[in-house]
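Residue numbers (this note's numbering): 31 to 152.
All remarks here apply to the structure that follows.
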């Protein structure tokens, strides 16, 4: 039951995007899960780590179909690992967690108003 609730919460967070509308610009909040891992180390067996990201954004119109986008976000990334020494006599297990503050900027182009598809670059 707990696993089902966690899965439901993750799916909900994947689609959450809250916006506050104003005449000149839009403010909003985006949140969702991160699934991170590492590759490339033969002596380390790694597993993905699930964490969260939260981003606040401001969207300002630049023309009829083009908007400027500024964001500030918090992201957690990392991995769980198991490593063995050369003689395979001892095993080390652990977890690495990295916290990031992101400041992306970009441009968003709206292709239509009925379906509202868009392309975001930045």
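Beta carbons are placed, not taken as given, at the ideal position from N, Cα and C, and that holds for glycine.
With DSSP run on the structure shown, which of helix, strand or coil describes residue i?
| i | result |
| --- | --- |
| residue 96 | strand |
| residue 131 | strand |
| residue 82 | strand |
| residue 87 | strand |
| residue 76 | strand |
| residue 51 | Confidence is the limiting factor: at residue 51 the pLDDT is only 48, short of 50, which leaves the residue's position unreliable, though a coordinate-based value still follows. Strand at residue 51. |
| residue 122 | strand |
| residue 69 | coil |
| residue 109 | strand |
| residue 116 | coil |
Give the straight-line distance between the Cα atoms of residue i and residue j, rounded to the nearest whole angstrom.
| i | j | result |
| --- | --- | --- |
| residue 209 | residue 108 | Given that the chain is displayed from residue 31 to residue 152, the structure contains no residue 209 and the question cannot be resolved. |
| residue 55 | residue 66 | 33 Å |
| residue 111 | residue 86 | 32 Å |
| residue 133 | residue 102 | 5 Å |
| residue 115 | residue 99 | 48 Å |
| residue 94 | residue 130 | 34 Å |
By the 10 Å Cβ neighbour count, where 16 or more other Cβ atoms means buried, how is residue i classified, buried or exposed?
| i | result |
| --- | --- |
| residue 79 | buried |
Starting from the Cα of residue i, find the closest Cα among the options and give me that residue.
| i | options | result |
| --- | --- | --- |
| residue 140 | 130, 96 and 84 | 96 |
| residue 127 | 58, 82, 62 and 59 | 82 |
Mind checking if residue i is an interface residue toward chain D, Cβ cutoff 7 Å exclusive?
| i | result |
| --- | --- |
| residue 141 | Annotation note: the requested chain D is absent from the structure, which comprises a single protein chain. |
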